[in-house]
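Residue numbers (UniProt numbering): 1 to 469. Data block below; observations after.
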Amino acid sequence: MNWKAIPLVSGAAACPAHPPGRPAGPGPGPGPGDEPPGRHLRELRTAPLDLLRRAAHEGTHGLARLDAGPGACLVVNDPAAIDVVLADRDAVFFKPKMELWKRVLGENVLTSEGPDWASSRRRSVRITGARYVRRAARIVAGAADERLRHWTGTDPLDIHEEMRSLTLAATLRQLCGTDADFDLRAFSHHLRTVMECIHALESAPAAPAEHDDVRREFSRAATELRTSVLNLVAHHPGGRDDLIGLLTDAPGEPLTVRQVCDEVLAHLIAGHESTATSLAWALLLLAGDPAVTERVRTEIDTAVGDRAPEDADLARMPLLRAVFLEALRLYPPAWTIMRATGRPSVVGGVRIPAGAVLLVSPYGVQRSERWFEGPDEFRPERWLGGGRNGDPKYTFFPFGGGRRSCPGRQLALVTGGVVLTRVLQGFSLAPVGDPLRAAVDIILRPRPGTRLRATPRQPEPAGHRKESR
Ligand code: HEM
């Protein structure tokens with residue numbers, strides 16, 4: 001079967017033949033006369049989450065077709081078909097749209113392909129391995145306690161920004177042993193600019209003049225990011241038991257300063273931004289659910305009291321872990337994973353030409369009634385007692401999968417567990433303002449300015465009570 005035989009995903013207005021939540025049967029979609037070509041392009045820019053949710057139910061052979069321009073663009077929505085794409089056993093697929101990221105990050109595990117990617121991936125797995133995961137709990141608790149010291153309870157907190165600062169400090173300490181002399185605020189600001197510019201340049205066809213401003217802003221911020229990390233690497237004393245030390249002492253031909261800088265940038269950015277975002281979501285969800293929060297607090301009291309948790313303690317707090325997983329289900333930071341076909345291939349029995357774009361959406365699948373009862377509800381208990389053990393692998397995949405799956409998964413879970421514990425030990429949480437709304441750019445984050453109120457539970461908040469470094 002050819003990809004063109006896959007029906008188009010229905011329009012934004014509910015299609016009477018296929019109301020949302022009911023699969024559309026196979027067969028031709030609305031003909032070219034019904035709507036203008038490129039009908040999904042605008043929705044991909046303005047309401048991509050709605051589109052991906054519809055696409056998760058529609059189509060056939062595990063694929064749903066989007067009309068997003070002249071080439072093939074397919075949403076892969078069935079677990080077996082997702083496995084074909086992410087496992088990529090025949091090395092057919094590649095990560096498209098990496099040019100702008102390469103200008104920021106250079107060549108590394110995130111941006112490269114082929115043999116360069118394979119050696120970079122080996123380094124990445126090494127520096128995110130078990131030894132560093134074990135060490136991470138202590139480092140993260142130290143960074144958390146320092147950040148939480150500023151939470152006085154007087155003003156509501158921009159929780160996403162708070163978590164970004166916290167995880168950036170923690171990731172820097174893992175990478176280079178210290179975050180002293182590093183301008184965290186400036187780095188965080190330039191990174192956000194870079195992400196917003198890339199999103200704008202890639203998703204909105206604007207007049208060239210308008211793009212010129214964005215490009216200039218992008219170049220400035222990218223240069224700032226690279227310079228700050230080049231300085232960090234150039235001044236690293238070497239021989240230390242941190243991740244830069246591990247990269248510079250790696251077996252084989254030594255890496256140049258530039259190569260080390262590229263790897264550090266990749267891990268700094270991939271390591272802190274997604275973790276911060278999922279932590280922000282988890283805290284916002286907890287703030288809106290006092291009953292779950294109380295149960296998690298009881299679990300923390302029993303497992304660790306008011307001391308900072310170690311890596312081994314986290315296994316004794318299954319509800320806490322379930323909260324983090326449920327946040328990752330509802331709001332996966334990597335809301336969509338993109339691949340392109342380097343040569344013709346077959347997915348779900350359908351022939352896909354070279355140059356086709358395939359979208360795999362953790363958001364679309366993880367919000368589907370097909371796999372989750374009450375998909376929009378925050379129900380951490382669904383993860384308890386091996387609750388989802390029988391379900392196919394690619395019904396929950398916030399860390400991706402296959403050969404390019406996230407090497408930092410374990411680090412992220414430890415960071416999530418430690419930060420949530422420290423916050424709940426020290427603070428009562430309450431929502432502020434409107435119900436939760438997501439904003440979409442390169443990641444799925446809380447709408448800018450989303451706040452919560454964190455009131456110290458005891459005279460001394462967690463950061464004052466016990467130093468954990
Ligand atoms: C909750 C936190 C995190 C989430 C949701 C997340 C999610 C993901 C996803 C979905 C991918 C695959 C992207 C693709 O296939 O195109 C990925 C790749 C990656 N992640 Fe994470 N990640 C998180 C934390 C981390 C951490 C803590 C690190 C390291 C310190 C990290 C490092 C990486 C790297 C290096 C890759 C690229 C792997 C490759 O292409 O071979 N991530 N991440």
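All residues carry an ideal CB built from backbone N, CA and C; glycine is no exception.
In angstroms, rounded to a whole number, what distance separates the CA positions of residue i and residue j?
{"i": "Asn231", "j": "Trp101", "result": "20 Å"}
{"i": "Val347", "j": "Leu314", "result": "39 Å"}
{"i": "Leu44", "j": "Arg445", "result": "17 Å"}
{"i": "Ala118", "j": "Glu263", "result": "13 Å"}
{"i": "Asp306", "j": "Gln458", "result": "11 Å"}
{"i": "Asp213", "j": "Ala221", "result": "12 Å"}
{"i": "Leu420", "j": "Glu377", "result": "20 Å"}
{"i": "Arg453", "j": "Leu157", "result": "6 Å"}
{"i": "Thr336", "j": "Asn389", "result": "24 Å"}
{"i": "Glu253", "j": "Gln259", "result": "12 Å"}
{"i": "Ala139", "j": "Ala130", "result": "For clarity, residue 139 is Ile in the given sequence; the question names Ala instead. Distance between the alpha carbons of Ile139 and Ala130: 15 Å."}
{"i": "Arg123", "j": "His235", "result": "21 Å"}
{"i": "Asp289", "j": "Thr111", "result": "39 Å"}
{"i": "Gly238", "j": "Thr248", "result": "7 Å"}
{"i": "Gly386", "j": "Ser228", "result": "44 Å"}
{"i": "Ala144", "j": "Pro353", "result": "49 Å"}
{"i": "Leu52", "j": "Ala169", "result": "34 Å"}
{"i": "Arg447", "j": "Asp179", "result": "28 Å"}
{"i": "Ala186", "j": "Thr193", "result": "11 Å"}
{"i": "Leu279", "j": "Val292", "result": "16 Å"}
{"i": "Ala276", "j": "Trp383", "result": "21 Å"}
{"i": "Gly177", "j": "His160", "result": "24 Å"}
{"i": "Ala47", "j": "Leu225", "result": "30 Å"}
Starting from residue i, follow its DSSP beta bridges and name the residues at the other end.
{"i": "Ile337", "result": "Val360"}
{"i": "Arg351", "result": "Asn2, Val346"}
{"i": "Cys73", "result": "Val357"}
{"i": "Ser428", "result": "Thr455"}
{"i": "Arg65", "result": "Leu8, Leu74"}
{"i": "Thr60", "result": "Leu63"}
{"i": "Asp158", "result": "Arg451"}
{"i": "Ala438", "result": "Pro446"}
{"i": "Phe182", "result": "In the DSSP output, where bridge partners are listed per residue, Phe182 has none listed."}
{"i": "Phe399", "result": "Bridge partners of Phe399: none, in fact."}
{"i": "Phe93", "result": "Thr341"}
Grab me the residues of residue i's own chain with a C-beta within less than 8 Å of its C-beta, minus the 5 sequence neighbours each way, in chain order.
{"i": "Glu202", "result": "Lys97, Leu100"}
{"i": "Val133", "result": "Asp311, Gln410, Leu411, Val414"}
{"i": "Gly81", "result": "The question names Gly, yet the displayed sequence has Ala at residue 81. Around Ala81: His61, Gly62, Leu63, Val347, Gly348."}
{"i": "Asp83", "result": "Lys393, Tyr394, Gly401, Gly402"}
Closer than 6 Å: is that where the CB of residue i sits relative to any heavy atom of ligand 1?
{"i": "Gly271", "result": "yes"}
{"i": "Ala334", "result": "yes"}
{"i": "Ser124", "result": "yes"}
{"i": "Gly433", "result": "no"}
{"i": "Ile337", "result": "yes"}
{"i": "His160", "result": "no"}
{"i": "Ser228", "result": "no"}
{"i": "Phe324", "result": "no"}
{"i": "Leu44", "result": "no"}
{"i": "Ala267", "result": "The sequence given here has His at residue 267, not Ala. Yes, ligand 1 has a heavy atom inside 6 Å of this Cβ."}
{"i": "Ser278", "result": "yes"}
{"i": "Leu110", "result": "yes"}
{"i": "Gly129", "result": "no"}
{"i": "Cys406", "result": "yes"}
{"i": "Gly342", "result": "no"}
{"i": "Gly400", "result": "yes"}
{"i": "Ser165", "result": "no"}
{"i": "Ser274", "result": "yes"}
{"i": "Ala412", "result": "yes"}
{"i": "Pro451", "result": "This sequence places Arg at residue 451; Pro is not what is there. Checking every heavy atom of ligand 1 against the Cβ of Arg451, none is found closer than 6 Å."}
{"i": "Arg65", "result": "no"}
{"i": "Arg54", "result": "no"}
Quick one: residues in its chain with C-beta nearer than 7 Å to the C-beta of residue i, no 5 flanking neighbours on either side, listed in chain order?
{"i": "Arg121", "result": "Val109"}
{"i": "Asp116", "result": "Glu107"}
{"i": "Arg126", "result": "Leu246"}
{"i": "Ser165", "result": "Arg147, Leu184, Ser188"}
{"i": "Asp88", "result": "Gly402, Arg403"}
{"i": "Arg343", "result": "Val92, Ala354"}
{"i": "Ala430", "result": "Ala287, Leu452, Arg453"}
{"i": "Ala266", "result": "Leu105, Asn108, Val109, Leu110"}
{"i": "Val432", "result": "Pro156, Arg451, Leu452, Arg453"}
{"i": "Met195", "result": "Asp441, Ile442"}
Tell me which residues share the same chain as residue i and place their Cβ nearer than 6 Å to its Cβ, disregarding the 5 neighbours each side in the sequence.
{"i": "Asp408", "result": "A quick correction: the sequence has Gly, not Asp, at residue 408. Taken in chain order, the residues that qualify are Thr128, Gly271."}
{"i": "Trp281", "result": "Ala327, Tyr331"}
{"i": "Pro362", "result": "Pro332, Phe397, Pro398"}
{"i": "Arg39", "result": "Asp67"}
{"i": "Cys197", "result": "Val214, Glu217, Phe218"}
When the cut-off is 7 Å and only beta carbons count, does residue i lie next to chain C?
{"i": "Val140", "result": "Judged by its chain identifiers, the structure shown contains no chain C, having just a single protein chain."}
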